[in-house]
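To start, the structure under review is shown below, and the notes come after it.
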Amino acid sequence: MTLKVSHKGKVSEAVNKYVPELVKDQIASRIFAKDHTLWGKDAEAESSIRLGWVDAAQTSLALIPELTSLSADLKARGLSRVVLCGMGGSSLAPEVITNTAEVDLVVLDSTDPSQIRQALDGDLAKTVVVVSSKSGSTVETDSQKRSFEEAFDEEGIAKTERIFIVTDPDSPMHVQAIKDGYRVFLADPMVGGRYSALTAFGIVPTALAGVDVTALLNDAIAVSNLLCQDLDSNPGLILGAAIARTAGGTNFKDKLGFVPDGTEIVGFGDWVEQLIAESTGKLGRGILPIVLDKDSFEVSDKAGDTLLIGLSSDASISSFDLAISGELGELLLLWEVATVVASRLLGVNPFDQPDVESAKIAARAVLDSPSEEFDFEVSDKEVEIAAFGYSLSSEKLSECLSQLIQSAESDSYLSIHCYLNREKFGSAIKLRELVAQKANRPTTFGWGPRFLHSTGQYHKGGPKQGVFIQIVSGEGDDQDIPGRQFGYRKLIDSQASGDAKVLASGGSKVLVLRLLDIGAGIQALTEALK
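Heads up: the sequence shown is residues 10 to 539, going by our numbering.
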């Protein structure tokens, strides 16, 4: 076991104050005993059916023989390209697991037409598709499944031999898959999506892609023997207390910056971002996770409200006040434990997501409407501009950006929601650093629509501190969704519009930027922010 959590300074003050209380209340052992009363009366109904994750690694070992056999069969048939269709918890963990193992996996977690086409244009003769949805009714995943079914049919490929389903028992997708003759891997319904990394949702696609998931699961099982103990040295209790109670000024530091500090784990911040934001961001409370680089503006913590965590190769020699190192399997379970501990200290239910549905309802309303998704007021430099929740005071792009950014207050954060093809326009993420520097405030970046299944809950249910920039495509390309009355362009624009409207209705300001030429638009934004 290699897991280490080191702390000093203000973090140690929080740890020394709150961990003994957690030990006295036997929080660790009660979590692993699946005590659903830990998060208050109002949370008991939900938590009673959401604690299967504590022993998911052990349970998932039963999948290994079947997955090993299937993987060998696929390899023998020359099927070497694995595509994962899934959103949120169904795709974030598999992406981290395969990237860290340096194993190829095409993760399709978008409704951008060009990104859909990109996945469909791959070598279908060598392709298998894993379709993952806990609810079995996720619109993005269902649409992607329809597209691959049509593509296989057009190529004369038996789709039931190429598409595999991961879902909960008796979900709509499970019922339909049985009718259609698909092979189904059933996940534990007692585990919520963001806690599903060590269940079938995390294990099936990664095993089929070629990852040694047995080692991953065994690492998690080994560390569970430490995380379940009521000890001051329990890293789950230490980390939970640190992220929920480290002081910054008169309040605790409610922004959490993840900084690579020698770790060999690739993209871990993207997975833990969903876990923390969706678990804690509700009732006007919560912790905002921010994925950073070592040279990011926030690393200096000039704002004073960001707790920095070094993701290290050896936490014992890190310069950060809070640092973590370990094997990936260890870290996945560690953060799940720490998040539910932090949620107890914050007084929130870590297993519900009460504000996620609002954006889905708003998107459906836009889908059903014949009108335009957005009403753009002005245009400048290949960028059309609209405002939700406030009025624009200029027709110039640079001044519109400045107006929004200057509205940020001393406890605000800014958030960029980018509804573009992340495979093709990955450089857009560089806008995050420019906004952070210009605003002098912590800034997050999320690819739409996937962030709706991740940080979306925090933005709507957490502290009302967010100031939002939404970027959408105006290039007009589209891709049909088989069996639907709308295509992917209408779907992704409706998701963006619906979320902007919900954020604005909650009192937030949203600046929407439609890029008529995406490459030129990103360049115009870059220049306007300098």
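Where a beta carbon is used, it is the ideal one built from N, C-alpha and C, also for glycine. Note that the structure is a prediction, hence the values are computed from the model and not measured.
Please list the terminal residues of the continuous alpha helix (DSSP H) segment that includes Asp189.
181-189
Candidates Ala374, Val275, Ser100: which alpha carbon is nearest Glu111's?
Val275
Beta bridge counterpart(s) of Thr176 as assigned by DSSP
Ser142, Leu195
Could you spell out where the alpha helix (DSSP H) holding Gln504 opens and where it closes?
497-514
So within the segment 392-438, which uninterrupted beta strand (DSSP E) runs reach at least 3 residues, ignoring any that extend past its ends?
392-397, 422-428
Backbone CA spacing between Val24 and Phe477 [nearest angstrom]:
33 Å
Beta strand (DSSP E) runs contained entirely in the segment 277-349, provided each spans 3 or more residues:
297-300, 315-321, 331-334
Pick out whichever of Asp323, Phe329, Ala324 has its Cα sitting closest to the Cα of Asp310.
Phe329
With burial defined as no fewer than 16 other Cβ atoms inside 10 Å of the residue's Cβ, what is the status of Ser15: buried or exposed?
buried
Check for me: the alpha helix (DSSP H) holding Thr77 runs from which residue to which?
73-85
Helix, strand or coil at Arg523 [DSSP, three-state]:
strand
Suppose only complete runs of 3+ residues qualify. What are the beta strand (DSSP E) ranges in the segment 95-164, listed by chain order?
115-117, 136-142
Give me the residue from Val193, Leu117, Ala196 with the minimum Cα distance to Arg431.
Leu117
Apart from the five residues on each side of it in sequence, which residues of its chain come closer than 8 Å, Cβ to Cβ, to Asp51?
Asn358
Apply the 10 Å Cβ neighbour rule to Ile187 and answer buried if 16 or more other Cβ atoms are within range, or exposed otherwise.
exposed
Can you name the start and end residues of the beta strand (DSSP E) that Asp270 belongs to?
264-270
Given 8 Å as the limit, is there contact between the segment 280-289 and the segment 458-470, that is, 3 or more CB pairs closer than that?
yes
Is it the case that the Cβ atoms of Ala371 and Lys510 are separated by a distance below 7 Å?
yes
Contact under 7 Å by Cβ, Lys473 with Gly516
yes
Can you name the start and end residues of the alpha helix (DSSP H) that His468 belongs to?
465-470
Using only the alpha-carbon positions, how far apart do Lys447 and Ala396 sit?
20 Å
Grouping DSSP H, G and I as helix and E and B as strand, with all else coil, what is Trp456?
strand
contact_flag[the segment 519-534, the segment 477-493] where n(CB pairs < 8 Å) is 3 or more
yes
Since Ser205 and Gly278 should fall inside the 8 Å C-beta cutoff, what is the C-beta to C-beta distance between them, to a whole number of angstroms?
Not a contact, Cβ separation roughly 18 Å.
Mind checking Arg498: buried by the 16 CB within 10 Å criterion, or exposed?
buried
Are Val346 and Leu235 close, meaning C-beta to C-beta below 7 Å?
no
Which residues does DSSP pair with Asp389 in a beta bridge?
Val392
Contact set for Gln412: own chain, Cβ-Cβ below 6 Å, skip 5 residues either direction
Ser402
Should Ile187 be listed as close to the ligand ADP, given that the test is whether its C-beta is under 6 Å from any heavy atom?
As for the ligand ADP, it is missing from this structure, which has no ligand bound.
Own chain residues within Cβ distance below 6 Å of Gly219, not counting five before or after:
Val112
Assuming contact is defined by CB atoms lying nearer than 7 Å, are Ser123 and Asp486 in contact in what I supplied?
yes
Cβ pair count under 8 Å reaching 3, the segment 79-89 against the segment 412-425:
no
So, are the CB atoms of Gly61 and Met199 less than 7 Å apart?
yes
Rounded to whole angstroms, how far is the Cβ of Gly290 from the Cβ of Gly470, which I believe are closer than 8 Å?
5 Å
Which class does His45 belong to by DSSP, given the choice of helix, strand or coil?
coil
Taking the alpha-carbon positions, what's the Glu30 to Asp263 distance?
21 Å
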